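Residue numbers (my numbering): 475 to 632. Glycine included, C-beta positions come from ideal geometry on N, C-alpha and C. Here the structure is a predicted model, which is why all the values come from computation and not from measurement.
Right, here's the structure in full:
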């Protein structure tokens, strides 16, 4: 059994690829909510590490929905709720590089004035490790997006 970031890898989690693709297609509040609901549905049958990763994708979509809302209070609430839940998952599994990379997909794209940068160095290092081992080989579009995210963050913060 291989170890990835402190959690035993299990059989492939079939729900992850559709969640990743749905995330990349977010362009409206409704699409982000649909992806969150897709994750909630997948969670009903998921176990172990698969459940943890689906839960993370749920909260990524929840936080990402803030990009598309109109009400500033609701936008801030959704972003904070999603990030609080992602932080809790990372805290529960601090060596899981995938969780850190997923958190970075939110903090790395959020406006800098929100000051969500406290973990970016560790999260970026986790993302770089995953990219080096071609972790998302089965999702090349998602892998490319994450690679571009890493390059963007390095350029902005160097």
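Asked, Found
"Give the secondary structure of residue 597 by DSSP, where H, G and I count as helix, E and B as strand, and everything else as coil.", "helix"
"Give me the residue from 603, 604, 581, 606 with the minimum Cα distance to residue 593.", "581"
"Helix, strand or coil for residue 492, going by three-state DSSP, please let me know.", "helix"
"According to DSSP, is residue 614 part of a helix, a strand, or is it coil?", "helix"
"Where do the N-terminal and C-terminal ends of the alpha helix (DSSP H) with residue 579 fall, by residue?", "571-581"
"Return the chain-ordered list of same chain residues with a C-beta closer than 6 Å to the C-beta of residue 528, the five sequence neighbours on each side being excluded.", "489, 513, 516, 517, 520"
"Between which two residues does the alpha helix (DSSP H) carrying residue 531 extend?", "522-538"
"What whole-angstrom Cβ distance do residue 539 and residue 503 have, given they're in contact under 8 Å?", "5 Å"
"Once DSSP output is grouped into helix, strand and coil, what is the label at residue 519?", "coil"
"In whole angstroms, give me the CA-to-CA distance for residue 625 and residue 557.", "22 Å"
"With a cut-off of 8 Å, do at least 3 Cβ pairs link the stretch 563-579 to the stretch 594-610?", "yes"
"Given a cut-off of 8 Å on the beta-carbon distance, is the pair residue 553 and residue 530 in contact?", "no"
"Using only the alpha-carbon positions, how far apart do residue 628 and residue 598 sit?", "8 Å"
"Ends of the alpha helix (DSSP H) at residue 551?", "546-566"
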